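First comes the structure, then the notes that go with it.
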Amino acid sequence: MTRAQVAPLIAEHFSGAQVQGDSPFVVAIPVDQWVGFARFAKDTLRCRFFAFSTAIDWKDQGLEVVAKVDNLDDGVSVVMKTRLGAGISSCPSLVPVYRGADWMERECYDMFGIRFEGHPDLRRILLADDWEGHPLLKSYAVDTPHPPYR
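Residue numbers for the sequence shown follow numbering that gives the first Met the number 0, so the first one is 0 and each next one is one higher.
Quick look at the structure:
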């Protein structure tokens, strides 16, 4: 797999995808194609290394989930993005495709409140179970009283 083959291959299989750049490739995917594209990246593009997953709060435009996967043999990197939209806070889990997504999706749930549908163990990972709210949301008040640090 060469870098020159990646963009045409993505366009051929995912008509709704928007591809930018060539190293890494940044691919905007509709949320309903999120897991399908991850399987395509792993099986077809041979991106078997799950590097990271995170989220961005665009305030009025909603949340965006971002994940990076790599084909270490051929030097191909793909950054996948999906916009959840205003008021939507759920996204399909990538854990069935990439086991390495497990704790990173838990972190996004903890910090942003994103519910990853199909995640095997979605619960807080950084904050106490009795913590109220999700601190990385822009709507989270900075003067919110916090329980004492344990």
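Using N, Cα and C, we set each Cβ at its ideal position, and we do this for glycine too.
Only a predicted model underlies this, so the values are computations on that prediction, with no experimental measurement involved.
Tell me the rounded alpha-carbon separation between residue i and residue j.
{"i": "Gly132", "j": "Leu62", "result": "15 Å"}
{"i": "Asp108", "j": "Lys80", "result": "In the sequence as presented, Asp is not what sits at residue 108; that position holds Tyr. Their Cα atoms are separated by approximately 16 Å."}
{"i": "Asp69", "j": "Gln4", "result": "15 Å"}
{"i": "Trp102", "j": "Ser89", "result": "16 Å"}
{"i": "Asp142", "j": "Trp130", "result": "14 Å"}
{"i": "Ala40", "j": "Tyr139", "result": "34 Å"}
{"i": "Pro119", "j": "Ala6", "result": "32 Å"}
{"i": "Gly20", "j": "Pro91", "result": "25 Å"}
{"i": "Arg122", "j": "Val94", "result": "14 Å"}
Using the beta-carbon count (16 or more within 10 Å), is residue i buried or exposed?
{"i": "Gly15", "result": "exposed"}
{"i": "Leu125", "result": "exposed"}
{"i": "Ile9", "result": "buried"}
{"i": "Ala127", "result": "exposed"}
{"i": "Phe51", "result": "exposed"}
{"i": "Ser22", "result": "exposed"}
Given residue i, which residues of its chain have a CB within under 6 Å of its CB, disregarding the five upstream and five downstream residues?
{"i": "Gly99", "result": "Phe49"}
{"i": "Val65", "result": "Thr53 and Lys80"}
{"i": "Tyr148", "result": "With a pLDDT of 49 at Tyr148, under the threshold of 50, the predicted position of this residue should be treated as unreliable, and no value is reported."}
Under 7 Å Cβ to Cβ from residue i, same chain only, skipping five residues before and after it: list those, please.
{"i": "Asp59", "result": "Ala85"}
{"i": "His12", "result": "Phe39"}
{"i": "Met0", "result": "Leu44, Arg45, Asn70, Asp73 and Val75"}
{"i": "Phe111", "result": "Ala54, Asp56, Leu62, His133, Leu135 and Leu136"}
{"i": "Gly35", "result": "none"}
{"i": "Glu106", "result": "Ile124 and Leu125"}
{"i": "Ile87", "result": "Gly61"}
{"i": "Gln32", "result": "Phe13 and Gly15"}
- Message: Quick check for students: name the residue ranges of the beta strand (DSSP E) that lie wholly in the segment 63 to 130, counting only runs of 3 or more.
- Response: 75 to 84, 89 to 91 and 114 to 116, all fully within the segment 63 to 130.
- Message: Threshold first: 3 residues or longer. Then list the beta strand (DSSP E) segments lying entirely within the segment 15 to 65, N to C.
- Response: Complete beta strand (DSSP E) runs here, min 3: 17 to 19, 24 to 27 and 48 to 56.
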